[in-house]
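Peer 1: According to UniProt numbering, the sequence shown is numbered sequentially starting from 1.
Quick reminder that beta carbons are idealized off the backbone N, C-alpha and C, glycines included.
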Amino acid sequence: MSLLALILLPLLGSLLPLIGGHRRLRATAGWAAAVLGATVAAVLPHAGAVQDGGVLVERWSWVPAAGLDLALRLDGLSLLFVFLVLGIGLLIVLYAFYYLPERAPLHRFYVLFLLFAASMLGVVLSENLLLLVLFWELTSLSSFLLIGFWNLDPAARQSARMALVVTGGGGLALLAGVLLLGSVAGGYDLTTVLAAGEAVRADPAYPWILGLILLGVFTKSAQFPFHFWLPRAMSAPTPVSAYLHSATMVKAGVFLLARLFPALAGTDLWFVLVTGAGLLTLLFGAFFALFRHDLKGLLAYSTVSHLGLITMLFGLGTPLGAVAGVFHIINHAIFKASLFMAAGIVEHETGSRDMRKLNGLFGYMPYTALLAMVAAAAMAGVPLLNGFLSKEMFFAETLETGLHAAWGLLLPAGAVLSGVFALAYSLRFIHDVFFNGEPVGLTKTPHEPPRYMRVPIEVLVALCLLVGILPGLTVAPWLAMAAEQVVPGRLPDFDLAIWHGFTPPFFMSLTALVGGVLLYAARQRVYRWHDRLVPQLDMQAWFVRAEAAAVRGGGRVTRWLENGSLQRYQLLFLLAVLALVGAGWATATRPFLVPDAGPGPGPSAVLIALGLSLGAGATVVLRRRRFLAVLWLGVVGLGVALLFVRFAAPDLALTMLTVELVTGVLLLLALYFLPQRSPVDSATPRRLRDAAVAGLAGATVGGLLWRTLASEPGRIGPEFLERSLPEAGGANVVNTILVDFRGFDTLGEITVLAIAAVGILTMLRGFLVPPGPDLRGMRWDPDVHPLVLVTISRGLLPLALVVSLFLLVRGHHEPGGGFVAGLVTGVALILQYLASGSRWTRDRLRLRYRPLLAGGLGVATATGLLAWAWGQPFLAAAHGHLHPPLLGDIALSTTLLFDIGVYLTVVGAVTLILAELGRLGQKLEDRFFPAHDQQEGEGSEWPW
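1. Tell me whether residue 136 is buried or exposed, calling it buried when 16 or more other Cβ atoms sit within 10 Å of its Cβ.
2. Label residue 520 either buried or exposed according to how many other C-beta atoms from any shown protein chain fall within 10 Å of its C-beta, with 16 as the threshold for buried.
3. Please classify residue 328 as buried or exposed, where buried requires at least 16 other C-beta atoms within 10 Å of its C-beta.
4. Does the structure place the region 647 to 660 close enough to the region 812 to 828 that three or more beta carbon pairs sit under 8 angstroms?
5. With which residues is residue 387 paired in a DSSP beta bridge?
6. So, at 6 angstroms on beta carbons, what are the nonlocal neighbours of residue 634 in its own chain, with the 5 sequence-adjacent residues on each side left out?
7. What separation, rounded to the nearest whole angstrom, lies between the Cα atoms of residue 893 and residue 58?
8. With a threshold of 6 angstroms on Cβ separation, who are the neighbours of residue 516 within its own chain once the five nearest residues in sequence on each side are excluded?
9. What are the partner residues of residue 416, as DSSP defines its beta bridges?
10. I'd like the span of the beta strand (DSSP E) that includes residue 58, first residue to last.
11. Is the Cβ of residue 428 closer than 8 angstroms to any Cβ of chain C?
12. CB residue 956 to CB residue 903, shorter than 8 angstroms?
13. Compute the Euclidean distance between the alpha carbons of residue 4 and residue 72, then round it to the nearest angstrom.
14. Would residue 812 and residue 895 be called neighbours here (beta carbons separated by less than 8 angstroms)?
15. Looking at the strands, I want to know which residues DSSP matches up with residue 75.
16. By the three-class DSSP mapping on this structure, what secondary structure does residue 189 have?
17. Taking its Cβ as the centre, do 16 or more other Cβ atoms sit within 10 Å of residue 12, making it buried, or is it exposed?
18. Tell me whether residue 60 is buried or exposed, calling it buried when 16 or more other Cβ atoms sit within 10 Å of its Cβ.
19. Tell me which residues share the same chain as residue 340 and place their Cβ nearer than 8 angstroms to its Cβ, disregarding the 5 neighbours each side in the sequence.
20. Please state whether the Cβ-Cβ distance between residue 316 and residue 267 is less than 8 angstroms.
21. Find out if the Cβ-Cβ distance for the pair residue 397, residue 286 is shorter than 8 angstroms.
22. What did DSSP end up calling residue 14 once you bin it into helix, strand or coil?
23. Leaving out five residues before and five after residue 98 in sequence, what residues of the same chain have Cβ atoms less than 6 angstroms from its Cβ?
24. When burial is assigned at 16 or more other CB atoms within 10 Å of the CB, is residue 745 buried or exposed?
25. Going by other Cβ atoms of all chains shown within 10 Å of its Cβ, with 16 needed for buried, is residue 41 buried or exposed?
26. Rounded to a whole number of angstroms, what is the C-alpha to C-alpha distance between residue 204 and residue 66?
27. Return the CA-CA distance between residue 910 and residue 792, expressed in angstroms with no decimal places.
28. For residue 879, list the residues DSSP reports as bridge partners.
29. In the DSSP assignment, find the alpha helix (DSSP H) that holds residue 568 and state where it starts and stops.
30. Name, in chain order, the residues that DSSP records as bridge partners for residue 68.
31. What does DSSP give as the partner residues of residue 128 in its beta bridges?
32. Whole angstroms are fine: how far does the CA of residue 255 sit from the CA of residue 482?
33. Give me, in chain order, the residues of the same chain whose beta-carbon lies closer than 8 angstroms to that of residue 21; leave out the 5 immediate sequence neighbours on both sides.
34. Please give the ranges of any alpha helix (DSSP H) in the region 794 to 868, keeping only runs that are unbroken, at least 4 residues long and fully inside the region.
35. Using a threshold of 8 angstroms, state whether the C-beta atoms of residue 352 and residue 290 are closer than that.
36. When the Cα atoms are used, what is the spatial distance from residue 700 to residue 626?
Okay, structure coming up:
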């Protein structure tokens, strides 16, 4: 099965729980488990080849000109993470089935959970770094929604926002770093980047590349000083916390460190930045974990500390350090997931996470307590458990600093100190919760959870024991498989034996164990010292203050910019554009040439140009009288269409003509709800300012046109003329550009059109018509309509639909296409509205704009996916010819499907505006003419 299925299965599977709704709460958990199980089954056929050292790469061309391909890679490192994401995900789905209350919106939880899993799978499977950044941001968005799952809780909303700000900002830095890395390495594929490691490290841009990528890594993996978002993420449900802290979100950062280790590691800058950040985070998280009273808070800070440990191991830059880093990723995922689920059981069965209340639970839930104690001992690095092995490797590597002699004492000392704190907070987790007297002030009587709620913890605790006792049989093959993709060259020999003799790492471990016991014994004195000195180091409070200051500053800027005046918005927009164009002209190196005069324009072109000038001038002079201004603006559009006809551009002329018809009529319909005249501005300085800006804008556009016409030969037109028929299968060059050569741009444009339509819907839904004198004298007759117009419009609608179908089908070879066909249908619908009024749009217009918009975008996107299925770039066209009897030669192309998507989107946008104007008109009827049914045939006036 394709590697793409590993991402698509959970991604598409996340849609079904939405359909299930609140009546199928239990079914959603079963569906989520089935989806993750099917994904495991999909990866198993590839596992054997990867475990033998193979690297599987699949590629679908997407936007090759930008270096963005849908390229996926399955090697030892990504296979390890795939099994971590899916295996722990399956266990958490079972756990969440019992943990989450029935009243919770479980369908939404499993939608987000599967989306989160798909995003993480996309990160670890990406061969293309730009694709990796895309999935990286998707993990930030999905985790934001999961952390804020209890959206009625202000603390959950603030925590989710904090996580999104920090990790989203880091994602932007990562994107910049990846763009620089790709430009230096000569491509964005991992294969290319890893092979160009020496060139990357020698490039002058290497410090910028490393700094930007590390910003993304440190924010995602909660490295100091970006650690504060992770403890706040405890507002999420415990299943989310267990997944986020063990196998997904926070592991994305250290995964990227491991993935780019061959290309970026090995320099002094790498050592100082990565090792320094890791050491600070290791000690900071371990220190603060000891003083948390919240059970999940303690585990959150311990996660921060262990992420610092992993980061520090990669920062050392040694092959064995990288192996130890991968090993601790595995171990931490196992014991941390089990600890969070155990903490969730404690909260679920006692109603509290406060360790000052949770005392003596061993007597009430001994089996759960035993499981939690084993997992906590693994976190502390106790012998015969998995955490002990990677901790020993960590201690050993801190003694091997190589040329970094200044770190020779600091790193081992920091490692031992972190071990002391790790044992102390693990002892506190065990002693304060399960022993230390009796519970205090609990709202529930503690008891064991349901049997199968403990199964995920049992599985993970069994792995802690198996890896700790039999590492060579259990984890060693997986570690070697993953580490081969991290360590450049030959994988160094490493020994996972439980006992290595009386070595320096052994004495470091013994010191940490003894020191941890002593520190916990003296905890009361340490707590008092902490309470006096440490609260001022609250990074979360600093973030909240910075966020509040940013919001206040943004509010001031918004109030200055958005004063409700469209004139001001246009002025600022024009000034910004003029400044950009001016900067471009000032830095241009090409000389300012005079264009070749060529043949004269001819009398028809001159007449059209005079008409354009007259229409533009009249629009400016009559701009206060809105109705006349719109009519003269239509004259300008008609003149432009005639110019297209004069210079042999029938496609553009036809499109321009229909655009003018649609926009002109819609403007007139909108003017009905506005005052007939715009207010007069008598301030002479402002009018002079506007005239100066308008003149400068016109001169700038004219200068740009002059410069374009004066550019050197080598126009792109002849190239498109030559390539259109053989490559795109179409004789209409304009259409082939829109649906083939620049199809991605067109897809973006219709997406923007759909978004604008939804924006119009939102704006009109909140539109109110205030009474006022400006509408006095306007006639309103909701039931009587012109008989001639009604009669003509009824026959024109089917005719217009036939014409639009004709234009749609012929567009690839003759003037036409989906856009102009949609506009023709729009003109017909507008005519029906003008003839029959708002009631017709409500009662007779059965088109539904939401399905039309969604269907149009879906059909256009599906065309690109079909190209992928054939191994072609996204939106690449396939074309051919049929020769049926009697019909002759028939040219076929998949661009017709894309044009149908464009057509549906345009019709959907026009229908949306008509429907909302009709709804607004009906609102006016109900407001001002509540008895119009009894006044049938009688005209009325506005009551003002």
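Peer 2: On the basis of the coordinates in this document:
1. As a first step, residue 136 must be located in the sequence shown, where it is residue number 136. Buried: at least 16 other Cβ atoms inside 10 Å.
2. Here residue 520 corresponds to residue number 520 of the sequence shown, with the count starting at 1. Looking at its Cβ environment, which holds 16 or more other Cβ atoms inside 10 Å, residue 520 is buried.
3. Working through the sequence shown from its first residue, we reach residue 328 at position 328. Buried, because 16 or more other Cβ atoms sit within 10 Å of the Cβ of residue 328.
4. Touching, yes.
5. Indexing the sequence shown from 1 puts residue 387 at position 387. Beta-bridge pairing links residue 387 to no other residue.
6. Counting from 1 along the sequence shown, the entry for residue 634 is found at position 634. Hits under 6 angstroms: 660 and 664.
7. Along the sequence shown, read from residue 1 onward, the residue named residue 893 stands at position 893. Along the sequence shown, read from residue 1 onward, the residue named residue 58 stands at position 58. Going from the Cα of residue 893 to the Cα of residue 58 covers about 27 angstroms.
8. As a working note, residue 516 is residue 516 in the sequence shown. If we look at residue 516 and ignore the five residues flanking it on each side, its Cβ neighbours are 420, 423 and 424.
9. For the purposes of this step, residue 416 is identified with residue 416 of the sequence shown, where counting begins at 1. DSSP output for residue 416 lists no bridge partner at all.
10. Start at 1 with the first residue of the sequence shown, and residue 58 comes out as number 58. Counting along the chain, the beta strand (DSSP E) containing residue 58 begins and ends at 56 to 63.
11. Here there is only one protein chain, and chain C is not present.
12. The structure shown does not extend to residue 956, since the chain is modelled only from 1 through 944, so no value can be given for it.
13. Taking the sequence shown and counting its residues from 1, the one referred to as residue 4 is at position 4. Taking the sequence shown and counting its residues from 1, the one referred to as residue 72 is at position 72. Going by the C-alpha atoms only, they are around 7 angstroms apart.
14. Locating residue 812 in the sequence shown gives position 812, where the first residue counts as 1. Locating residue 895 in the sequence shown gives position 895, where the first residue counts as 1. Contact flag set, yes.
15. Residue 75 sits at position 75 when you count from the first residue of the sequence shown. DSSP, once it has assigned bridges, lists no residue as partnering residue 75.
16. If you number the sequence shown from 1, residue 189 lands on position 189. Correct three-state label for residue 189: strand.
17. By 1-based counting over the sequence shown, the position of residue 12 is 12. The residue is exposed, with fewer than 16 neighbouring Cβ atoms inside 10 Å.
18. In the sequence shown, the residue the question calls residue 60 occupies position 60. Classification of residue 60: buried, given that the 10 Å Cβ count is 16 or more.
19. Reading the sequence shown from its first residue, position 340 is the one you call residue 340. Counting only Cβ-Cβ distances below 8 angstroms, and skipping sequence neighbours, we find 238, 241, 242, 245, 246, 296 and 299.
20. As a first step, residue 316 must be located in the sequence shown, where it is residue number 316. As a first step, residue 267 must be located in the sequence shown, where it is residue number 267. Contact flag unset, no.
21. Locating residue 397 in the sequence shown gives position 397, counting from the first residue. Locating residue 286 in the sequence shown gives position 286, counting from the first residue. Going by C-beta atoms, residue 397 is not nearer than 8 angstroms to residue 286.
22. The count along the sequence shown starts at 1 and reaches residue 14 at position 14. It is coil, neither helix nor strand.
23. Residue mapping note: residue 98 aligns to position 98 of the sequence shown, counting from 1. Within the same chain, residue 98 has close Cβ partners 450 and 453.
24. Against the sequence shown, residue 745 aligns to sequence position 745. Answer is exposed; the Cβ neighbour count stays below 16.
25. Locating residue 41 in the sequence shown gives position 41, counting from the first residue. Exposed.
26. The count along the sequence shown starts at 1 and reaches residue 204 at position 204. The count along the sequence shown starts at 1 and reaches residue 66 at position 66. Roughly 23 angstroms separates the two Cα atoms.
27. On the sequence shown, residue 910 is found 910 positions in, with the first residue counted as 1. On the sequence shown, residue 792 is found 792 positions in, with the first residue counted as 1. Each residue's Cα considered, the two are about 21 angstroms apart.
28. As a working mapping, residue 879 is identified with position 879 in the sequence shown. Per DSSP, the beta bridge partners of residue 879 are 893.
29. On the sequence shown, position 568 is the one that residue 568 refers to. Its alpha helix (DSSP H) spans residues 566 to 587.
30. Here residue 68 refers to the residue found at position 68 of the sequence shown. Note: residue 68 sits in a beta bridge opposite 63.
31. Taking the first residue of the sequence shown as 1, we reach residue 128 at position 128. Residue 128 is bridged to 189.
32. Position 482 of the sequence shown, counted from the first residue, corresponds to residue 482. Position 255 of the sequence shown, counted from the first residue, corresponds to residue 255. If you take the alpha carbons of residue 482 and residue 255, they lie about 11 angstroms apart.
33. Your numbering for residue 21 matches position 21 in the sequence shown. Per-residue confidence for residue 21 stands at a pLDDT of 48, beneath the threshold of 50, marking its modelled position as unreliable; the derived number appears in the next sentence. Same-chain partners within the cutoff: 107.
34. 818 to 836 and 838 to 843
35. Working through the sequence shown from its first residue, we reach residue 352 at position 352. Working through the sequence shown from its first residue, we reach residue 290 at position 290. The answer is no: Cβ separation not under 8 angstroms.
36. Position 700 of the sequence shown, counted from the start, is the residue given in the question as residue 700. Position 626 of the sequence shown, counted from the start, is the residue given in the question as residue 626. Cα to Cα, residue 700 sits roughly 27 angstroms from residue 626.
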